[in-house]
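Presented below is the structure to which this report refers.
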Amino acid sequence: MEPVLIVLIVLVVVAFIALIKTIQVIPQASAAIVERFGRYTRTLSAGLNIVVPFIDTIRNRIDLREQVVPFPPQPVITSDNLVVNIDTVIYYQVTDPRAATYEVASYIQAIEQLTVTTLRNIIGSMDLESTLTSREVINAGLRGVLDEATGRWGIRVNRVELKAIEPPTSIQDSMEKQMRADRDKRAAILTAEGARQAQILRAEGEKQAAVLQAEGEAQAAVLKADGEAAAIRTVFEAIHEGDADQKLLAYQYLQTLPELAKGDANKLWIIPSEVGDALKGLGGAFQGAVGGGATPAAPAVQPPAARVPVDPATGPRPVDTENKTARPRVEPTRQYPKIDE
Numbered sequence: 001m002e003p004v005l006i007v008l009i010v011l012v013v014v015a016f017i018a019l020i021k022t023i024q025v026i027p028q029a030s031a032a033i034v035e036r037f038g039r040y041t042r043t044l045s046a047g048l049n050i051v052v053p054f055i056d057t058i059r060n061r062i063d064l065r066e067q068v069v070p071f072p073p074q075p076v077i078t079s080d081n082l083v084v085n086i087d088t089v090i091y092y093q094v095t096d097p098r099a100a101t102y103e104v105a106s107y108i109q110a111i112e113q114l115t116v117t118t119l120r121n122i123i124g125s126m127d128l129e130s131t132l133t134s135r136e137v138i139n140a141g142l143r144g145v146l147d148e149a150t151g152r153w154g155i156r157v158n159r160v161e162l163k164a165i166e167p168p169t170s171i172q173d174s175m176e177k178q179m180r181a182d183r184d185k186r187a188a189i190l191t192a193e194g195a196r197q198a199q200i201l202r203a204e205g206e207k208q209a210a211v212l213q214a215e216g217e218a219q220a221a222v223l224k225a226d227g228e229a230a231a232i233r234t235v236f237e238a239i240h241e242g243d244a245d246q247k248l249l250a251y252q253y254l255q256t257l258p259e260l261a262k263g264d265a266n267k268l269w270i271i272p273s274e275v276g277d278a279l280k281g282l283g284g285a286f287q288g289a290v291g292g293g294a295t296p297a298a299p300a301v302q303p304p305a306a307r308v309p310v311d312p313a314t315g316p317r318p319v320d321t322e323n324k325t326a327r328p329r330v331e332p333t334r335q336y337p338k339i340d341e
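full-length UniProt numbering applies: residue 1 is where the sequence shown begins, and numbers increase by one.
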């Protein structure tokens with residue numbers, strides 16, 4: 001009984017193992033390569049799959065999702081003989097599990113080496129400044145070469161990114177100094193432009209203020225002149241409408257005479273010759289008011305006689321009474337005795 005029991009136990013274990021090997025569950029977004037006696041048979045897709053135990057074997061399980069692989073920094077020489085370290089990141093996806101298994105030994109290592117060689121070819125034809133400012137061009141070049149080479153491997157390269165570009169330390173110091181100088185230059189230019197704009201705006205403001213002030217003064221002068229003209233016109237019309245006589249005008253004339261003497265700068269006061277006429281009319285008005293009759297006219301104030309220039313040698317010169325100017329003196333003709341020859 002014991003040997004039979006042992007055989008039964010062995011058969012059960014073998015059947016259990018065969019059952020396990022027969023049923024293969026493949027996760028979603030994955031694939032498995034099945035070989036029979038070392039030869040490719042089929043590719044298992046996601047879900048429950050049945051294989052022949054001890055005959056069919058699972059060679060490789062491949063993840064069909066997009067993969068991200070960062071590569072370590074690689075030293076690359078530019079066209080101006082400068083060594084820069086470049087970090088790259090590759091985004092790829094396996095599209096054909098069979099080709100990825102049998103066409104290349106290790107597609108990860110193959111992609112890394114292909115990326116390094118392609119990157120050196122692209123950077124070798126560019127200088128440092130172009131390398132730092134042309135990341136899109138480098139990414140497009142890498143993606144085109146990798147996609148063409150990895151297509152037969154059953155791999156599609158979706159994106160290639162340059163994670164970092166590190167020039168030498170000395171070059172970094174020089175670049176920082178250049179950037180600082182450029183920033184100082186731009187700051188100085190902006191400061192000068194600001195000062196220029198401020199001066200222009202200030203000048204425009206002063207110009208507009210001067211123009212407005214001149215216009216205001218002109219309008220004020222015009223208004224003042226109009227006001228004075230209107231006042232004179234009103235006074236003139238009032239005088240004519242009131243029919244003022246000579247006596248009132250003489251009185252007003254005498255009232256304005258003290259205004260001529262006002263002011264600290266007045267050293268000489270000249271009385272016009274019309275004062276006599278004004279006094280005559282005013283005196284007649286007062287006498288008419290007191291006596292009630294005609295009064296004799298006040299003596300007229302004679303204007304001062306014209307001053308006759310005197311020549312110390314010839315005496316006073318005659319005066320032209322009409323023009324009140326001194327006429328030139330006519331020297332009499334002297335008679336000299338004749339001398340007998």
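Even for Gly, the Cβ is constructed at its ideal location relative to N, Cα and C.
Counting Cβ pairs closer than 8 Å, one from the segment 80 to 89 and one from the segment 44 to 64, do we hit at least three? At 8 Å Cβ cutoff, the stretches do not touch.
Given this structure, state the Cα-to-Cα distance separating alanine 105 from aspartate 96, to the nearest angstrom. Your numbering for residue 105 matches position 105 in the sequence shown. Your numbering for residue 96 matches position 96 in the sequence shown. Distance between the alpha carbons of alanine 105 and aspartate 96 is about 14 Å.
Look at the alpha carbon of arginine 180 and the alpha carbon of serine 174, and state the distance between them as a whole number of angstroms. Looking up residue 180 in the sequence shown gives position 180. Looking up residue 174 in the sequence shown gives position 174. If I take the Cα positions, the gap works out to 10 Å.
Can you tell me whether aspartate 311 is buried or exposed, with buried defined as 16 or more other CB within 10 angstroms of its CB? Within the sequence shown, residue 311 is the residue found at index 311, counting from 1. With a pLDDT of 46 at aspartate 311, under the threshold of 50, the modelled position of that residue is not reliable, and no figure is offered here.
Just the C-alpha distance for serine 170 and asparagine 85, rounded to the nearest angstrom, thanks. For the purposes of this step, residue 170 is taken as residue 170 along the sequence shown, with counting starting at 1. For the purposes of this step, residue 85 is taken as residue 85 along the sequence shown, with counting starting at 1. Serine 170 and asparagine 85: Cα-Cα distance of roughly 14 Å.
Could you give the DSSP three-state label for alanine 18: helix, strand or coil? Taking the first residue of the sequence shown as 1, we reach residue 18 at position 18. DSSP places alanine 18 in helix when its eight states are reduced to three.
With distances taken from CA atoms, which of Glu2, Val157, Ala31 and Asn81 is nearest residue 349? A question about residue 349 goes unanswered here, because the residues of the chain that appear run from 1 up to 341.
Cβ neighbour criterion (16 or more within 10 Å) applied to isoleucine 200: The residue you call residue 200 lines up with position 200 of the sequence shown. Taking all protein chains shown into account, isoleucine 200 has fewer than 16 neighbouring C-beta atoms within 10 Å of its C-beta and is therefore exposed.
Got a sec? Which residues, its chain only, sit under 8 Å from isoleucine 108 by beta carbon, not counting five neighbours each side? Here the question's residue 108 lines up with position 108 in the sequence shown. Excluding its 5 nearest sequence neighbours in each direction, isoleucine 108 has C-beta neighbours in its own chain below 8 Å: Val69, listed in chain order.
Suppose you measure from the CA of glutamate 35 to the CA of glutamine 24; what does that come to, to the nearest Å? Along the sequence shown, read from residue 1 onward, the residue named residue 35 stands at position 35. Along the sequence shown, read from residue 1 onward, the residue named residue 24 stands at position 24. In a straight line, the C-alpha of glutamate 35 is about 14 Å away from that of glutamine 24.
Using 7 Å as the threshold, is the C-beta distance between glycine 141 and isoleucine 123 below it? Within the sequence shown, residue 141 is the residue found at index 141, counting from 1. Within the sequence shown, residue 123 is the residue found at index 123, counting from 1. Remark: C-beta atoms of glycine 141 and isoleucine 123 do not approach each other more closely than 7 Å.
Between which two residues does the beta strand (DSSP E) carrying threonine 150 extend? As a working mapping, residue 150 is identified with position 150 in the sequence shown. Careful: threonine 150 lies outside any beta strand (DSSP E), inside the alpha helix (DSSP H) at 135 to 150.
Length of the line joining the Cα atoms of asparagine 60 and threonine 118: The residue labelled residue 60 in the question sits at position 60 within the sequence shown. The residue labelled residue 118 in the question sits at position 118 within the sequence shown. CA-CA distance, asparagine 60 to threonine 118, rounds to 29 Å.
So glutamine 93 is in the beta strand (DSSP E); what residue range does that whole segment cover? Start at 1 with the first residue of the sequence shown, and residue 93 comes out as number 93. That run of the beta strand (DSSP E) goes 83 to 94.
Beta bridge counterpart(s) of proline 75 as assigned by DSSP: Reading the sequence shown from its first residue, position 75 is the one you call residue 75. Checking the DSSP bridge columns, you'll see proline 75 partnered with Asn85.
Out of curiosity, what's the CA-to-CA distance linking methionine 126 and tryptophan 153? In the sequence shown, the residue the question calls residue 126 occupies position 126. In the sequence shown, the residue the question calls residue 153 occupies position 153. In a straight line, the C-alpha of methionine 126 is about 30 Å away from that of tryptophan 153.
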